[in-house]
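A.B. asks: Line by line, the protein sequences give chains Y and U. Going by numbering that gives the first Met the number 0, the first sequence opens with residue 0, and the numbers climb by one from there. Going by numbering that gives the first Met the number 0, the second sequence opens with residue 0, and the numbers climb by one from there. Quick reminder that beta carbons are idealized off the backbone N, C-alpha and C, glycines included. Only a predicted model underlies this, so the values are computations on that prediction, with no experimental measurement involved.
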Amino acid sequence: MTAPAQTRIFPVRRQSPLPKRGGRLGRPGFLAYGLLTAVLLGSAYPLWWSVVLGSGTNATRSETLPLLPGGNFFANAAKVFDAIPFWTALGNSLLVSSIITLSVVTFSTLAGYAFAKLRFRGRNGLMVFVVATMAIPTQLGIIPLFIMMKQLGWTGTLGAVIVPTLVTAFGVFFMRQYLVDVIPDELIEAARVDGANQIRTFFHVAVPAARPAMAILALFTFMMAWTDFLWPLIVLSPTNPTLQTALAQLQSGYYVDYSVVLTGAVLSVVPLLVLFVLAGRQLVAGIMQGAVKG
Amino acid sequence: MTSTLPRPAAPATDPEAPRPPRGRTDLTFRQRLSRFDVKASPYLYISPFFLTFGLIGLFPLVYTFVVSMYDWQLLQGQGEFVGFENFANVLQDPFFWNSIFNTFSIFLLSSIPQIAVALVIAAVLDQNIKAKTFWRMSVLLPYVVAPVAVALIFSDMFGEQSGLVNNLLGLIGIDPVQWKHDTLASHFAIATMVNWRWTGYNALILLAAMQAIPRDLYESAALDGAGGVRRFFSITVPSIRPTLIFVIITATIGGLQIFAEPKLFDVTSAGGIGGFDRQFQTTVLYLWEMAFFRGNFGEAAAIAWLLFLLIVLIGLINFLLSRRIATAETRIDKKRTARRLRAHADRASQGLVGEGAGVEERGNR
Chain Y
0 MTAPAQTRIF PVRRQSPLPK RGGRLGRPGF LAYGLLTAVL LGSAYPLWWS VVLGSGTNAT
60 RSETLPLLPG GNFFANAAKV FDAIPFWTAL GNSLLVSSII TLSVVTFSTL AGYAFAKLRF
120 RGRNGLMVFV VATMAIPTQL GIIPLFIMMK QLGWTGTLGA VIVPTLVTAF GVFFMRQYLV
180 DVIPDELIEA ARVDGANQIR TFFHVAVPAA RPAMAILALF TFMMAWTDFL WPLIVLSPTN
240 PTLQTALAQL QSGYYVDYSV VLTGAVLSVV PLLVLFVLAG RQLVAGIMQG AVKG
Chain U
0 MTSTLPRPAA PATDPEAPRP PRGRTDLTFR QRLSRFDVKA SPYLYISPFF LTFGLIGLFP
60 LVYTFVVSMY DWQLLQGQGE FVGFENFANV LQDPFFWNSI FNTFSIFLLS SIPQIAVALV
120 IAAVLDQNIK AKTFWRMSVL LPYVVAPVAV ALIFSDMFGE QSGLVNNLLG LIGIDPVQWK
180 HDTLASHFAI ATMVNWRWTG YNALILLAAM QAIPRDLYES AALDGAGGVR RFFSITVPSI
240 RPTLIFVIIT ATIGGLQIFA EPKLFDVTSA GGIGGFDRQF QTTVLYLWEM AFFRGNFGEA
300 AAIAWLLFLL IVLIGLINFL LSRRIATAET RIDKKRTARR LRAHADRASQ GLVGEGAGVE
360 ERGNR
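#1: Taking all protein chains shown into account, decide if Pro27/Y is buried (16 or more other Cβ within 10 angstroms of its Cβ) or exposed.
#2: Quick one, which of Leu26/U, Asn201/U, Arg277/U and Arg240/U has its alpha-carbon nearest Ser98/U's?
#3: For Gly53/Y and Pro68/Y, I'd like the C-alpha separation in whole angstroms.
#4: If you check the beta carbons only, do Val246/U and Asn201/U fall under 8 Å apart?
#5: At a Cβ threshold of 8 Å, is Asn239/Y touching chain U?
#6: At a cut of 8 Å, does the stretch 94-108 of chain Y reach the stretch 270-282 of chain Y through at least three beta carbon pairs?
#7: Count the other CB atoms within 10 Å of the CB of Lys262/U; is the residue buried (16 or more) or exposed (fewer)?
#8: Just the chain Y side, please: which residues come within less than 7 Å of Asn85/U by C-beta, in chain order?
#9: Judging by CA-CA distance, which residue of Leu309/U, Ile310/U and Ala301/U is the nearest neighbour of Thr63/U?
#10: Can you grab the Cα-Cα spacing for the pair Met148/Y / Asn295/U, in whole Å?
#11: Less than 8 Å between the beta carbons of Thr81/U and Asp70/U, yes or no?
#12: For Thr244/Y and Ala115/U, what's the separation of their Cα atoms in angstroms?
#13: In chain Y, what lies closer than 8 Å to Gln256/U by C-beta?
#14: For the alpha helix (DSSP H) that contains Glu79/U, what are its first and last residues?
#15: Report the rounded CA-to-CA distance for Ala284/Y versus Phe86/U, giving the unit in angstroms.
#16: Within 8 Å (strictly less), CB to CB, does Tyr112/Y reach chain B?
#17: Quick check on Asn123/Y: does DSSP put it in helix, strand or coil?
#18: Please work out which residues of its chain come closer than 7 Å, Cβ to Cβ, to Ala150/U, disregarding the five sequence neighbours upstream and downstream, and give them in chain order.
#19: Find the residues of chain U that neighbour Trp225/Y, judging by a C-beta separation of less than 9 Å, and give them in chain order.
#20: Nearest to Asp181/U by CA position, among Leu170/U, Gly158/U, Gln72/U and Gln126/U, is which residue?
#21: Can you list the residues of chain U that Gln248/Y reaches, using a CB-CB cut of under 7 Å?
#22: Along the stretch 119-136 of chain U, what residues have a CB closer than 7 Å to any CB found in chain Y?
#23: Quick check: the Cα distance between Glu288/U and Ile99/Y, rounded to an integer number of angstroms?
#24: From the DSSP output, in three-state form, read off Trp71/U for me.
#25: Pairing CB atoms from the stretch 165-174 of chain Y with CB atoms from the stretch 123-136 of chain Y, are three or more of them under 8 Å?
#26: Which residues in chain Y have a C-beta closer than 7 Å to the C-beta of Phe232/U? List them in chain order.
#27: Starting from the beta carbon of Met156/U, find every residue of chain Y whose beta carbon is closer than 8 Å, and list them in chain order.
#28: Checking 8 Å against the spacing of the C-beta atoms, do Tyr112/Y and Phe202/Y come in under that value?
#29: Classify Asn295/U as helix, strand or coil using the three-state DSSP reduction.
#30: Is Asn295/U close to chain Y? Criterion is C-beta to C-beta, closer than 8 Å.
#31: Assuming Ile120/U and Val162/Y make a contact with CB atoms under 8 Å, what is their CB distance in whole Å?
#32: To the nearest angstrom, how far is the alpha carbon of Lys116/Y from that of Gly224/U?
#33: Counting only the same chain and skipping the five closest in sequence on each side, list residues whose C-beta sits under 7 Å from that of Leu94/Y.
#34: Roughly how many whole angstroms lie between the Cα atoms of Leu178/Y and Phe52/U?
#35: Report all residues from its chain with a CB closer than 6 Å to the CB of Phe292/U; omit the five preceding and five following residues, and keep chain order.
#36: Residues of the stretch 163-194 of chain U in Cβ contact with chain Y at a cutoff of 9 Å, in chain order, please.
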């Protein structure tokens with residue numbers, strides 16, 4: 000968001016006019032690749048280590064730097080399914096994250112379009128309000144939210160997890176920033192001249208143009224909802240958890256079998272790893288376009 | 000923008016009104032409808048956001064203050080009005096100050112190394128490397144691991160008896176560290192979790208800013224004899240300053256709200272309230288304990304408001320500090336550039352330098 004408009008697109012391959020000699024601006028050398036490899040190992044090894052220990056025996060644990068997985072993964076996975084309602088939790092997380100994503104993307108696109116392209120009284124003031132609320136951590140309101148949910152009788156239900164995240168100020172800001180550049184005013188004018196009313200203009204001009212940004216916002220909203228922990232921990236019961244709160248239960252009690260805990264952690268990472276493999280490029284592009292922490 | 004302004008008389012757009020209407024009162028039904036459409040639509044589009052946000056975002060924040068004024072318990076509900084007594088209790092509570100200390104300690108241990116390393120990674124990724132997408136994705140891998148899973152994995156890695164970290168330290172002859180009992184060591188372990196998940200993410204944000212720096216800036220600096228390190232500190236860092244400030248501020252806001260990591264680090268010893276001696280209890284974790292473990296909503300609401308004020312305060316200090324640094328650097332830069340321009344002109348007049356584009360570019364900054 001702070002980066003200028005040029006950063007929105009991946010850079011054109013830049014050719015250095017300087018020769019490689021002296022290593023000035025030519026291709027980077029051994030040091031750069033060595034550093035990147037070290038970062039890659041540091042990123043990946045904790046996950047691999049969890050797989051190795053989750054599938055190993057007690058002997059694996061006493062190795063200094065275990066590298067090869069054992070054969071106990073499925074046995075430990077069965078223990079995970081015994082200890083926590085894993086499949087319920089997975090279904091709950093999918094449902095909660097999908098509804099939140101749908102709602103955030105829809106309302107953010109609507110409001111973002113209005114802020115970017117329509118003129119109305121109070122527009123600037125309201126936009127300042129949106130930007131200001133972005134910095135306020137909404138989780139500081141958990142106590143009144145809990146009181147509200149309790150009075151509505153929603154505690155323990157998925158609705159209590161979904162409702163407090165139905166809209167985000169960040170989503171509106173993100174869509175506004177994108178649409179303000181991407182839709183030419185002439186296009187809206189043309190739609191008007193052709194007799195399209197406002198809502199038709201929105202669906203036929205704004206939505207097609209907004210699609211790439213909607214996809215990125217959807218990805219990040221989904222991840223945010225999926226990884227949320229504090230609020231589901233407060234309002235949900237252990238029998239009807241999301242994946243994150245279920246996972247945390249694995250570690251409660253006085254005796255903790257860490258092989259089972261790690262197996263659970265690995266299982267919980269799989270859905271987002273799949274997302275990462277399928278949409279990793281879009282995640283990278285989204286962050287580089289200014290899809291900031293939200 | 001003009002396209003969406005309400006137009007009282009727009010005969011050309013309406014084929015069903017052959018005679019142009021003379022005044023506002025002569026508008027056909029269709030035109031009235033169209034005018035209403037143009038005027039009301041924006042509000043219709045933004046209202047779902049504002050209504051919902053008011054209810055789930057703004058109202059709870061304000062109502063937290065109301066709760067903090069009452070003796071309010073989880074089970075009994077609203078009690079007597081007590082004014083600022085809850086705030087007074089919290090401010091006299093050593094556990095509160097302990098949690099503030101822990102939050103700051105963990106925050107400093109995570110944000111500073113995180114941003115420094117992210118800068119280095121971004122600078123490397125900004126070079127003309129092969130398989131760009133692959134490397135970019137590889138630094139983002141930890142981001143898809145949820146904080147809960149990160150906490151579970153790392154609390155095992157930082158195990159005191161046979162954890163991976165102590166095993167590795169043993170290889171180089173260091174005695175096992177009490178990661179869960181020692182205050183500073185536990186802060187280090189929790190900061191490591193935060194760093195692991197967020198460094199790559201921040202590196203990509205910084206990388207995006209670096210890509211916007213014109214390449215010829217680097218090339219002319221190189222022609223002038225500036226080495227890689229010099230170019231990094233004299234061109235890269237000043238150019239990405241706004242993004243850097245942004246990253247620092249978001250890291251601050253996030254860092255003051257750490258919850259899952261200390262909650263799940265060493266659950267066995269104290270039921271997840273941040274260590275047997277609260278040696279790594281953060282303020283959000285203390286807020287959770289006060290509200291849902293002890294059931295004292297009144298004091299918990301006071302903690303929430305104090306934390307909110309603290310976040311705003313730190314954000315403000317951050318902003319002012321980075322502005323001051325920015326202006327101070329610009330002043331130095333100007334002097335330096337002027338000096339260089341003179342030196343360059345001298346050399347140019349002696350025929351030592353062919354082109355002066357680089358220096359001029361830098362002077363424009």
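C.D. replies: Concretely, from the data shown:
#1: Taking the first sequence and counting its residues from 1, the one referred to as residue 27/Y is at position 28. That one is buried.
#2: Your numbering for residue 98/U matches position 99 in the second sequence. Cα-wise, what sits closest to Ser98/U is Arg277/U.
#3: Locating residue 53/Y in the first sequence gives position 54, counting from the first residue. Locating residue 68/Y in the first sequence gives position 69, counting from the first residue. Those two C-alpha atoms are separated by around 8 Å.
#4: As a working note, residue 246/U is residue 247 in the second sequence. As a working note, residue 201/U is residue 202 in the second sequence. For Val246/U and Asn201/U, yes; Cβs fall inside 8 Å.
#5: Within the first sequence, numbered from 1, the residue matching residue 239/Y stands at position 240. So, not an interface residue.
#6: no
#7: Numbered from its first residue, the second sequence carries residue 262/U at position 263. Buried, since its Cβ has 16 or more Cβ neighbours within 10 Å.
#8: The count along the second sequence starts at 1 and reaches residue 85/U at position 86. Going along chain Y, no residue has its Cβ under 7 Å from Asn85/U, so there is no contact; the nearest lies around 12 Å.
#9: Residue mapping note: residue 63/U aligns to position 64 of the second sequence, counting from 1. Of the listed residues, the one whose Cα sits closest to Thr63/U is Ala301/U.
#10: Reading the first sequence from its first residue, position 149 is the one you call residue 148/Y. Reading the second sequence from its first residue, position 296 is the one you call residue 295/U. In a straight line, the C-alpha of Met148/Y is about 17 Å away from that of Asn295/U.
#11: One-based indexing of the second sequence puts residue 81/U at position 82. One-based indexing of the second sequence puts residue 70/U at position 71. Sequence check: residue 81/U is Val here, not Thr. Yes, they are a contact pair.
#12: As a first step, residue 244/Y is located in the first sequence; it is residue number 245 there, counting from the start. As a first step, residue 115/U is located in the second sequence; it is residue number 116 there, counting from the start. Answer to the nearest angstrom: the Cα atoms are 33 Å apart.
#13: As a working mapping, residue 256/U is identified with position 257 in the second sequence. Per Cβ cutoff of 8 Å: Pro136 and Gln138.
#14: Taking the first residue of the second sequence as 1, we reach residue 79/U at position 80. Where Glu79/U is concerned, there is no enclosing alpha helix (DSSP H), although the beta strand (DSSP E) it sits in stretches over Gly76 to Phe80.
#15: Looking up residue 284/Y in the first sequence gives position 285. Looking up residue 86/U in the second sequence gives position 87. Spanning the two alpha carbons is a distance of roughly 45 Å.
#16: Absent from the structure is chain B; the protein chains it does hold are Y and U.
#17: The residue given as residue 123/Y occupies position 124 in the first sequence. Here Asn123/Y sits in helix by DSSP.
#18: On the second sequence, residue 150/U is found 151 positions in, with the first residue counted as 1. Only Met192, Ala259, Glu260, Leu263 and Phe264 meet the Cβ criterion.
#19: Along the first sequence, read from residue 1 onward, the residue named residue 225/Y stands at position 226. Within chain U, the residues near Trp225/Y are Ala145.
#20: The residue labelled residue 181/U in the question sits at position 182 within the second sequence. The option with the nearest alpha carbon to Asp181/U is Gly158/U.
#21: For the purposes of this step, residue 248/Y is taken as the residue at position 249 of the first sequence. Per Cβ cutoff of 7 Å: no residues; Gln248/Y is ~10 Å from chain U at best.
#22: Ile120, Val123, Gln126, Asn127, Ile128, Thr132, Trp134, Arg135 and Met136
#23: Your numbering for residue 288/U matches position 289 in the second sequence. Your numbering for residue 99/Y matches position 100 in the first sequence. Their backbone Cα atoms lie some 27 Å apart in a straight line.
#24: For the purposes of this step, residue 71/U is taken as the residue at position 72 of the second sequence. Strand.
#25: yes
#26: Here residue 232/U is taken as the residue at index 233 of the second sequence, counted from 1. Going along chain Y, no residue has its Cβ under 7 Å from Phe232/U, so there is no contact; the nearest lies around 16 Å.
#27: Residue 156/U sits at position 157 when you count from the first residue of the second sequence. The answer, in chain order, is Pro45 and Trp48.
#28: In the first sequence, residue 112/Y corresponds to position 113, counting from 1. In the first sequence, residue 202/Y corresponds to position 203, counting from 1. Cβ distance not < 8 Å, so Tyr112/Y and Phe202/Y don't count as in contact.
#29: Taking the second sequence and counting its residues from 1, the one referred to as residue 295/U is at position 296. Here Asn295/U sits in strand by DSSP.
#30: In the second sequence, residue 295/U corresponds to position 296, counting from 1. It does not; no Cβ of chain Y falls within 8 Å.
#31: Here residue 120/U corresponds to residue number 121 of the second sequence, with the count starting at 1. Here residue 162/Y corresponds to residue number 163 of the first sequence, with the count starting at 1. Contact doesn't hold; Cβ gap of about 38 Å is too wide.
#32: Translated into positions along the first sequence, residue 116/Y becomes position 117. Translated into positions along the second sequence, residue 224/U becomes position 225. Cα to Cα, Lys116/Y sits roughly 48 Å from Gly224/U.
#33: The residue labelled residue 94/Y in the question sits at position 95 within the first sequence. Here the set comprises Leu157.
#34: Reading the first sequence from its first residue, position 179 is the one you call residue 178/Y. Reading the second sequence from its first residue, position 53 is the one you call residue 52/U. So the two alpha carbons sit approximately 21 Å from each other.
#35: As a first step, residue 292/U must be located in the second sequence, where it is residue number 293. Counting only Cβ-Cβ distances below 6 Å, and skipping sequence neighbours, we find nothing.
#36: Leu163, Asn166, Leu167, Gly169 and Leu170
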